[in-house]
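Asker: I have a structure here, written as structure tokens, and I will follow up with some questions on it.
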Amino acid sequence: MDSSGWRVEEVKALVEECRSKPSILHTPSLSFFKSYLQSLGARIPSEERLDDLKYTNMKMEDEIIESDLELDESEVVKPDNDPPQKMGDPSIDVTDENRDAAQALKSKATDAISEGRFDEAINFLTEAIMLNPTSAILYATRASVFTKLKKPNAAINDAEAALQINPDSAKGYKVRGLARAMLGLWREAANDLHKASNLDFDEEIGLVLKKVEPNVKKIEEHRKKYEILRREEEQKKAEWDKKQHQAEEESKAAALLKDGEVIGIHSTGDLSIFLKAASMTSRVAVLYFTATWCGPCRMMSPHYTSLARKHPKVVFLKVDIDEAVEVARQWNISSVPTFVFLKNCKEVDKVVGADKIALERKIAQYGY
């Protein structure tokens, strides 16, 4: 068969649409095409399965995007889950005697730290905290020992206790920043370390920031890249949802239209519904105005019905001007039979009178 008479480009467009939106194969208007594919041995997944595959692919793409970030986590440790350390009551009144005793214990802790006896230092500092729970430096110092013991969560608890007592505690911010870096909380760590540096800079802060900030930069760059890709994915999903909704509406519209039959119109509401359905399915509609008393109409009606069977993808509508007076008035019908051709709810042509040849020629012209 010579393919030159076929609408090859339209067939290509249909195939491309099926590739990008496979679920349209389940619309009633394409049931013939699905049956043909199945007759050739094609296996077509259910509509639900196609949706699952689509969103599974989206999810996999998201996981690939999220996993392409490589950070230096060589010094990250596992979170510690030890029982909470003893915390004093910062609201109590501390006597001079207890304050002096706490200071003496802090000195012992400092000696223990210098000799690497960290557990012993923790004990000294805990005793000191119980004697003077209003001292931010005691909590911050114990927090620093916890970082040496690779216990970042315990360190964070103490650092936050220090900051509650003294919101300008440079050591509190510094130790919490160190602990957060140990947990891989890079942006939070950098934030704390910069605050500590502004309050009281030391070399250790600078050294840690040199390790933390490259990771922060990578995270920020990754986040920007990811947000761009995320927006693209959201746009794709929105387009997918829109096409799905459109396919559903087209399916409903196609089900409403009676292929191969003449549809009677009894009101302007009826006409609006069927013209909208014709427009949604990209079909041409023919609006036939007739009357029971019209002799030429009685001759044209059987021919009109025959044309409907011959051209099932054209929407054939029929209006009795004496029954649907408002419809006839809306279209300024002054004589019958009159055939109005509509595309996208707009008149594109008209045949007035009982001219079978002209009517069939116009249907052939607009119906494909």
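Just so you know, we're using UniProt numbering here: the sequence shown kicks off at 1 and counts up by one.
Heads up, the beta-carbon is just placed ideally off N, CA and C, and yes, glycines get one too.
Look up V11 in the DSSP assignment and say whether it is helix, strand or coil.
Answerer: The answer is helix: DSSP assigns V11 an H, G or I state.
Asker: Can you say whether W293 is buried or exposed, counting buried as having 16 or more other CB atoms within 10 angstroms of its CB?
Answerer: The residue in question, W293, is exposed, as its Cβ has fewer than 16 Cβ neighbours within 10 Å.
Asker: Are the CB atoms of A159 and D200 nearer to each other than 8 Å?
Answerer: Their beta carbons are not under 8 Å apart, which means A159 does not touch D200 by this criterion.
Asker: Got a sec? Which residues, its chain only, sit under 6 Å from L131 by beta carbon, not counting five neighbours each side?
Answerer: For L131, where only same-chain residues beyond five positions count, the Cβ hits under 6 Å are N98, A101, A102.
Asker: Cutting at 6 Å between CB atoms, please list the residues of its own chain near F118, excluding the five before and the five after it.
Answerer: The answer, listed in chain order, is V145, K148, L149.
Asker: Tell me whether K148 sits in a helix, a strand or coil according to DSSP, three-state version.
Answerer: Helix, per DSSP.
Asker: If we require 4 or more residues per run, which alpha helix (DSSP H) segments fall completely within the stretch 218-251?
Answerer: Within the stretch 218-251, no complete alpha helix (DSSP H) run reaches 4 residues.
Asker: Leaving out five residues before and five after V315 in sequence, what residues of the same chain have Cβ atoms less than 6 Å from its Cβ?
Answerer: L257, A278, R283, A285.
Asker: Assuming contact is defined by CB atoms lying nearer than 8 Å, are E347 and V340 in contact in what I supplied?
Answerer: Their beta carbons are under 8 Å apart, which means E347 touches V340 by this criterion.
Asker: Am I right that A112 and A121 are in contact with their C-beta atoms under 8 Å? What's the rounded C-beta distance?
Answerer: Confirmed, about 4 Å.
Asker: Just checking, does the stretch 165-183 make contact with the stretch 191-200 on the three C-beta pairs under 8 Å criterion?
Answerer: Judged by Cβ distances under 8 Å, the stretch 165-183 makes contact with the stretch 191-200, as three or more pairs qualify.
Asker: Judging by CA-CA distance, which residue of G295, Q244, K310 is the nearest neighbour of G260?
Answerer: Ranking the options by Cα distance to G260, first place goes to K310.
Asker: Alpha carbon to alpha carbon, how far is S3 from K34?
Answerer: Reliability of the predicted coordinates at S3 is poor, the pLDDT of 47 falling under 50, and the value obtained from them is presented with this limitation in mind. C-alpha separation (whole angstroms): 22 Å.
Asker: My guess is that D216 and A181 are in contact by the Cβ rule of under 8 Å, so how many angstroms apart are they, rounded?
Answerer: In the sequence under discussion, the amino acid at residue 216 is Val, which differs from the Asp named in the question. Their Cβ separation, rounded to whole angstroms, is 10 Å, which puts V216 and A181 out of contact at 8 Å.
Asker: Below 8 Å between beta carbons: does that hold for E326 and S267?
Answerer: The answer is yes: Cβ separation under 8 Å.
Asker: Going by CA-CA distance only, name the one from L69, T141, W240 that's closest to E220.
Answerer: Answer by Cα proximity: L69.
Asker: Starting from I263 and walking both ways along the beta strand (DSSP E), at which residues does that stretch end?
Answerer: Its beta strand (DSSP E) spans residues 262-265.
Asker: Could you check whether the Cβ of R180 sits closer than 8 Å to any Cβ belonging to chain C?
Answerer: The displayed structure is made up of one protein chain only, and chain C is not part of it.
Asker: Check for me: the beta strand (DSSP E) holding F341 runs from which residue to which?
Answerer: Start and end: 338-343.
Asker: Helix, strand or coil, according to DSSP, for K318 in the structure here?
Answerer: Reduced to three states, the DSSP call for K318 is strand.
Asker: Compute the Euclidean distance between the alpha carbons of V11 and C297, then round it to the nearest angstrom.
Answerer: So the two alpha carbons sit approximately 38 Å from each other.
Asker: Less than 8 Å separating the beta-carbons of V351 and Y304?
Answerer: In this structure, Y304 does not lie closer than 8 Å to V351 by Cβ.
Asker: Just the C-alpha distance for S114 and S107, rounded to the nearest angstrom, thanks.
Answerer: Approximately 11 Å between the Cα atoms of the pair.
Asker: How many whole angstroms separate the CB atoms of I265 and A291, which I take to be in contact at a CB cut-off of 8 Å?
Answerer: At roughly 14 Å, the Cβ-Cβ gap does not stay under 8 Å, so I265 and A291 are not in contact.
Asker: In terms of residues, what are the limits of the beta strand (DSSP E) holding L30?
Answerer: Counting along the chain, L30 falls outside any beta strand (DSSP E), and DSSP gives it neither H nor E.
Asker: If we call anything under 8 Å between Cβ atoms a contact, is E249 one with M280?
Answerer: Yes, they are a contact pair.
Asker: For G295, count the other beta carbons within 10 Å of its own beta carbon; 16 or more makes it buried, fewer makes it exposed. Which is it?
Answerer: So G295 ends up on the exposed side.
Asker: Please state the DSSP three-state secondary structure of E360.
Answerer: DSSP places E360 in helix when its eight states are reduced to three.
Asker: Smallest Cα separation from L178: which of P167, N191, D168, N166?
Answerer: Checking every option, the nearest Cα to that of L178 belongs to N191.
Asker: Tell me the DSSP bridge mates of A189?
Answerer: BP columns for A189 are empty, so no partner.
Asker: On a CA-only basis, which of V77, C18, S301 is nearest K151? Give me that one, please.
Answerer: Closest by alpha carbon: V77.
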